[in-house]
Amino acid sequence: MTELPLSSDPARAARTISDQDTLRTLFDLGRRVMSVLSLEELLQTIPRLIERLIQFDAFAIYMLDASGTGLHVDYAVGYPTGVAESIRLAVGDGLVGLAVQDRRAVLVNDLDHEPNYKGYVPGMRSSIIVPLAYRTRTIGALNILSSQRHAFTEKDLAIVRQFGVHAATALENARLYSQAAKDARVFETLLEISREISSILDVDQLFERLAAATLKVIDYKAFAILLLNPQTQRLEIKHLATPYGINEKVTSIAVGEGLTGYAALHREVVVTGDVREDPRYIELFDTVTSEMAVPLLYQGDCIGVLDLSTDERDAFDASEVEFATLLGGQFAIAIQNARLYNELATNQSRIERELRIAQRVQTALLPQEVPSRIRGLDVAARFDAAREVGGDFHDYLDPLANQLVVALGDVSGKGVPAALYSAFASELVRSRTFRKRYVSTAVTPSTVLQAMNTILHERGLLEMYCTLCYGLFDVKRRTVTVANSGVPYPLKMTPAGDIEWIDVTGVPLGSFPGIEYDECVIPYAKGDVFLFYSDGVSEAMNEAGDEFGREHIAEVMHTQRGRSAREIVDAIFEAVVAFRGDALQNDDITAVAVRAL
Numbered sequence: 043m044t045e046l047p048l049s050s051d052p053a054r055a056a057r058t059i060s061d062q063d064t065l066r067t068l069f070d071l072g073r074r075v076m077s078v079l080s081l082e083e084l085l086q087t088i089p090r091l092i093e094r095l096i097q098f099d100a101f102a103i104y105m106l107d108a109s110g111t112g113l114h115v116d117y118a119v120g121y122p123t124g125v126a127e128s129i130r131l132a133v134g135d136g137l138v139g140l141a142v143q144d145r146r147a148v149l150v151n152d153l154d155h156e157p158n159y160k161g162y163v164p165g166m167r168s169s170i171i172v173p174l175a176y177r178t179r180t181i182g183a184l185n186i187l188s189s190q191r192h193a194f195t196e197k198d199l200a201i202v203r204q205f206g207v208h209a210a211t212a213l214e215n216a217r218l219y220s221q222a223a224k225d226a227r228v229f230e231t232l233l234e235i236s237r238e239i240s241s242i243l244d245v246d247q248l249f250e251r252l253a254a255a256t257l258k259v260i261d262y263k264a265f266a267i268l269l270l271n272p273q274t275q276r277l278e279i280k281h282l283a284t285p286y287g288i289n290e291k292v293t294s295i296a297v298g299e300g301l302t303g304y305a306a307l308h309r310e311v312v313v314t315g316d317v318r319e320d321p322r323y324i325e326l327f328d329t330v331t332s333e334m335a336v337p338l339l340y341q342g343d344c345i346g347v348l349d350l351s352t353d354e355r356d357a358f359d360a361s362e363v364e365f366a367t368l369l370g371g372q373f374a375i376a377i378q379n380a381r382l383y384n385e386l387a388t389n390q391s392r393i394e395r396e397l398r399i400a401q402r403v404q405t406a407l408l409p410q411e412v413p414s415r416i417r418g419l420d421v422a423a424r425f426d427a428a429r430e431v432g433g434d435f436h437d438y439l440d441p442l443a444n445q446l447v448v449a450l451g452d453v454s455g456k457g458v459p460a461a462l463y464s465a466f467a468s469e470l471v472r473s474r475t476f477r478k479r480y481v482s483t484a485v486t487p488s489t490v491l492q493a494m495n496t497i498l499h500e501r502g503l504l505e506m507y508c509t510l511c512y513g514l515f516d517v518k519r520r521t522v523t524v525a526n527s528g529v530p531y532p533l534k535m536t537p538a539g540d541i542e543w544i545d546v547t548g549v550p551l552g553s554f555p556g557i558e559y560d561e562c563v564i565p566y567a568k569g570d571v572f573l574f575y576s577d578g579v580s581e582a583m584n585e586a587g588d589e590f591g592r593e594h595i596a597e598v599m600h601t602q603r604g605r606s607a608r609e610i611v612d613a614i615f616e617a618v619v620a621f622r623g624d625a626l627q628n629d630d631i632t633a634v635a636v637r638a639l
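Residue numbers (the numbering used here): 43 to 639.
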């Protein structure tokens, strides 16, 4: 086992992390740890990432053995040579064993008076232990140690618990990946089958290939594909290959009935070594003895069942069950792809027509001009979607006299899902902004972002989020108040060409509950220009992989000094297109310019 030396930088000891910085760091670390599939690399990465949040002197990742009764150290930092490799703990033994047994996190700030502490690392005084839970089971624990008493706080414990959720999933994913990589036969066979079936879009031809592909790895006598009819909740036999003849009396099976119905209802593989001893069995062929039913799961939904049977008793062993489970995942994707292709081919003209309508609707939802009662500001915007519709949005709103709100948002993803989410987010901006007209409580840029974050998070679309820059221009006071939740920093340029980047940001909306957002107030004078833009501008890439970036934005702004807002945004877009050249547009692009008159 390789041990990773800890950083000795004295600046670490003085470093403090704000709540928002912590959340942003957790958000980043969660993505990083989930991107590592090599188990060895992941074990080395986890303590490095935790070290960005919490100071410690020793660290260990304990994992449960196959029986689920014992713990061993898979990776350690700061342990004496040879100690970590020899550690074996029963579940319930020591602080780590108790934490795993009770499935609870532990914070101890005086180990000298803790009778359950196992002193594997001399001189340690404080400890945080967080069980690693993957779905419904515990797979191990993180143990963080410090030589200082009272080194850790409840906040540290909460941080490690949150990170532990990502770490547990990453470890399990890496374990499964490593296990599959070690079995060359599984890997090569799945790769071959995947290549063979991925390009087949005719459903009947696909079923024939699936039967042949399965026979390469599992010795069966009868093969059947049953697909779920959502309206009738019955599994309909779509393909049957058997030497036993065909039972024409049974063409479908209700979900929950028989071995196949049970597999579909409970979404689990069903294996029986002798169907005559299983009361769930529905007799189709009197020669069948062993049967295996594998649910075909696509994005969590059961779309059908793969059913294999043979006349031998106890014919399917654990490895064949694993093969069938893996094949079931491949088959579900191939079947769904073929079905979707046929549906798309049938409805292509309708889809194209609806996309054109959606494009017009999205364009109509964007503001066409500044509210008529606003004077003293020249405003212009431009939007270009990477696809037919996009996830960027912007708006101009006048909540009160002499006030103009400029909002620019960017939703994760592209296409129709992003467009739907952005339409909802855009309406939230409007509704929260116009509350100023009807409520006595203060409605500020930061409170608008906080309210939107709460609403979007409660919707439970955790795979999607929204970044938003919200600027409130007070024409009378000649100030702009800005709050930001992840959009690239907007800029202010004076008539002399001096540029100031407005450094205010926050966690993307919908990512975490209970977030508070900062805001800043910036005065402006006649001739000052503000530019708000999405990351499609700053992160536009040319064929060499270079980004457009701030430098190019500043250059364009300098060339447009004294120009109108419309000329400025047009110049930004023209510069991005010229910089990109023949490279594809991979992101939506939005820019809003506001010029003080």
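Ideal placement from N, C-alpha and C gives every residue a C-beta, glycine not left out. Since the structure is predicted, the reported quantities are computational estimates derived from the model, not experimental observations.
Quiz item: Quick one: what's Glu-561 bridged to in DSSP?
Solution: If you number the sequence shown from 1, residue 561 lands on position 519. Paired residues: Ala-525.
Exercise. With DSSP collapsed to three states, give me the class of Asn-628.
Key: Numbered from its first residue, the sequence shown carries residue 628 at position 586. Asn-628 falls in the coil class under three-state DSSP.
Quiz prompt | Three-state class that DSSP yields for Pro-487 in the structure shown | solution = In the sequence shown, residue 487 corresponds to position 445, counting from 1. Here Pro-487 sits in helix by DSSP.
Quiz item: Can you name, in chain order, every residue of its own chain whose Cβ lies under 8 Å from the Cβ of Glu-589, other than the five neighbours on each side?
Solution: Stepping through the sequence shown from its first residue, residue 589 is reached at position 547. These residues qualify, in order along the chain: Ser-580, Glu-581, Ala-582 and Met-583.
Quiz item: Where does Arg-417 sit, in a helix, a strand or coil, going by DSSP?
Solution: Your numbering for residue 417 matches position 375 in the sequence shown. Of the three classes helix, strand and coil, the one that applies to Arg-417 here is coil, per DSSP.
Exercise. Would you mind giving the Cβ-Cβ distance between Val-471 and Asp-437, rounded to the nearest angstrom? I have them listed as a contact below 8 Å.
Key: Taking the sequence shown and counting its residues from 1, one reaches residue 471 at position 429. Taking the sequence shown and counting its residues from 1, one reaches residue 437 at position 395. Between Asp-437 and Val-471 the Cβ distance is about 6 Å, and since that is below 8 Å, they are a contact.
Practice problem: Over the uninterrupted beta strand (DSSP E) stretch that includes Gly-346, give me the two end residues. | Solution: Numbered from its first residue, the sequence shown carries residue 346 at position 304. Residues 343-352.
Quiz item: Are Ala-141 and Val-148 closer than 7 Å when you measure CB to CB?
Solution: As a position in the sequence shown, residue 141 is number 99, starting the count at 1. As a position in the sequence shown, residue 148 is number 106, starting the count at 1. Yes, the Cβ-Cβ distance between Ala-141 and Val-148 is below 7 Å.
Self-check item: Beta-bridge partners of Phe-265, as assigned by DSSP
Solution: Within the sequence shown, the letter at position 223 stands for residue 265. Phe-265 pairs with Ala-283 and Leu-350.
Quiz item: DSSP state of Ala-428, grouped into three classes?
Solution: Position 386 of the sequence shown, counted from the first residue, corresponds to residue 428. Looking at Ala-428 - three-state DSSP - the assignment turns out to be coil, as it is neither helix nor strand.
Self-check item: DSSP beta-bridge partners of Pro-337
Solution: Here residue 337 refers to the residue found at position 295 of the sequence shown. Pro-337 is bridged to Val-347.
Quiz item: For the region 71-127, which segments carrying the alpha helix (DSSP H) assignment without a break, of at least 4 residues, lie completely within its bounds, in sequence order?
Solution: 81-92
Practice problem: Identify the continuous alpha helix (DSSP H) that holds Ile-610 and give its terminal residues. | Solution: Taking the sequence shown and counting its residues from 1, the one referred to as residue 610 is at position 568. Where Ile-610 is concerned, the enclosing alpha helix (DSSP H) stretches over 607-622.
Quiz item: Is it true that the CB of Pro-550 sits closer than 7 Å to the CB of Thr-496?
Solution: In the sequence shown, residue 496 corresponds to position 454, counting from 1. In the sequence shown, residue 550 corresponds to position 508, counting from 1. The answer is no: Cβ separation not under 7 Å.
Quiz item: Ends of the alpha helix (DSSP H) at His-600?
Solution: Indexing the sequence shown from 1 puts residue 600 at position 558. Per DSSP, the unbroken alpha helix (DSSP H) holding His-600 starts and ends at 591-601.
Quiz item: So who's on the other strand from Lys-534, going by DSSP bridges?
Solution: Working through the sequence shown from its first residue, we reach residue 534 at position 492. Note: Lys-534 sits in a beta bridge opposite Glu-542 and Phe-572.
Quiz item: Can the beta-carbon of Gln-574 be found less than 7 Å from the beta-carbon of Pro-532?
Solution: Along the sequence shown, one-based indexing puts residue 574 at 532. Along the sequence shown, one-based indexing puts residue 532 at 490. Per the sequence shown, residue 574 should be read as Phe rather than Gln. With contacts defined as CB atoms closer than 7 Å, Phe-574 and Pro-532 qualify as a contacting pair.
Exercise. Please state if the CB of Gly-165 and the CB of Arg-104 are separated by a distance shorter than 7 Å.
Key: Sequence index remark: in the sequence shown, residue 104 carries index 62 (1-based). Sequence index remark: in the sequence shown, residue 165 carries index 123 (1-based). The sequence given here has Tyr at residue 104, not Arg. Against a cut-off of 7 Å, the Cβ pair of Gly-165 and Tyr-104 comes out as no contact.
Quiz item: In terms of residue numbering, what span does the alpha helix (DSSP H) encompassing Thr-178 cover?
Solution: Sequence index remark: in the sequence shown, residue 178 carries index 136 (1-based). From DSSP, Thr-178 is part of no alpha helix (DSSP H); its letter is neither H nor E.
Exercise. Give the DSSP bridge partners of Pro-173, in chain order.
Key: The count along the sequence shown starts at 1 and reaches residue 173 at position 131. Under DSSP, Pro-173 forms a beta bridge with Ala-183.
Self-check item: Proximal residues to Val-125 (C-beta, below 6 Å), its chain only, five neighbours per side dropped
Solution: Sequence index remark: in the sequence shown, residue 125 carries index 83 (1-based). Correct list, in chain order: Tyr-162.
Self-check item: Same chain, Cβ closer than 6 Å to Asp-577, five either side skipped, listed in chain order
Solution: Taking the first residue of the sequence shown as position 1, residue 577 is located at position 535. Close CB contacts of Asp-577 within its chain, under the 6 Å cut and outside five residues either way in sequence, are with Pro-530 (chain order).
Exercise. Whole angstroms is fine: what's the gap from Glu-561's alpha carbon to Ala-525's?
Key: Counting from one through the sequence shown, the residue named residue 561 turns up at place 519. Counting from one through the sequence shown, the residue named residue 525 turns up at place 483. One C-alpha to the other measures close to 4 Å.
Quiz prompt | Coil, strand or helix - Tyr-438 by DSSP | solution = Taking the sequence shown and counting its residues from 1, the one referred to as residue 438 is at position 396. DSSP places Tyr-438 in strand when its eight states are reduced to three.
Self-check item: Cβ-Cβ separation, Lys-280 to Leu-669 (assumed contact under 8 Å), whole Å
Solution: Look at the range of the chain in this structure, 43 to 639, and you will see that residue 669 is not part of it.
Practice problem: Consult DSSP for Asp-316 and reduce its assignment to one of helix, strand or coil. | Solution: For the purposes of this step, residue 316 is identified with residue 274 of the sequence shown, where counting begins at 1. If DSSP states are grouped into helix, strand and coil, Asp-316 belongs with coil.
Quiz prompt | Sequence-distant residues of the same chain with beta carbon closer than 6 Å to Leu-71, five excluded per side | solution = Here residue 71 refers to the residue found at position 29 of the sequence shown. Closer than 6 Å at the Cβ level, and outside the excluded window around Leu-71, lie Leu-91.
Exercise. Use the C-beta contact count for Asn-185: other C-beta atoms within 10 angstroms, 16 or more gives buried, fewer gives exposed.
Key: Within the sequence shown, residue 185 is the residue found at index 143, counting from 1. By the 10 Å Cβ count, Asn-185 comes out buried.
Self-check item: Cβ-Cβ distance between Gly-432 and Gly-455 below 7 Å
Solution: The count along the sequence shown starts at 1 and reaches residue 432 at position 390. The count along the sequence shown starts at 1 and reaches residue 455 at position 413. In this structure, Gly-455 does not lie closer than 7 Å to Gly-432 by Cβ.
Self-check item: Close-in-space but distant-in-sequence residues of the same chain around Asn-158 (CB under 7 Å, 5 per side omitted)
Solution: As a first step, residue 158 must be located in the sequence shown, where it is residue number 116. If the five residues before and after Asn-158 are omitted, its C-beta is found closer than 7 Å to the C-beta atoms of Gly-136, Leu-137 and Leu-140, all from its own chain and listed in chain order.
Quiz item: What three-state label does DSSP hand Gly-165 in the structure shown?
Solution: Numbered from its first residue, the sequence shown carries residue 165 at position 123. In the structure shown, Gly-165 sits in coil (DSSP, three-state: anything other than H, G, I, E or B).
Self-check item: C-beta atoms of Arg-355 and Asp-316 nearer than 7 Å
Solution: Looking up residue 355 in the sequence shown gives position 313. Looking up residue 316 in the sequence shown gives position 274. A contact, by the Cβ cut-off of 7 Å.
Practice problem: Measure from the alpha carbon of Ser-606 to the alpha carbon of each residue in Val-619, Phe-572 and Ile-595, then state which is nearest. | Solution: Mapped onto the sequence shown, residue 606 falls at position 564. The shortest Cα separation from Ser-606 among Val-619, Phe-572 and Ile-595 belongs to Phe-572.
Self-check item: Start and end residues, beta strand (DSSP E) containing Gln-378
Solution: In the sequence shown, residue 378 corresponds to position 336, counting from 1. Premise fails: Gln-378 lies in the alpha helix (DSSP H), 360-388, not in any beta strand (DSSP E).
Quiz item: Is Ala-264 closer than 7 Å to Thr-293 when the C-beta atoms are compared?
Solution: On the sequence shown, position 251 is the one that residue 293 refers to. On the sequence shown, position 222 is the one that residue 264 refers to. Cβ atoms of Thr-293 and Ala-264: not closer than 7 Å.
Self-check item: Ala-132: first and last residue of the uninterrupted alpha helix (DSSP H) it sits in
Solution: For the purposes of this step, residue 132 is identified with residue 90 of the sequence shown, where counting begins at 1. Run containing Ala-132: none in the alpha helix (DSSP H); it sits in the beta strand (DSSP E), 130-132.
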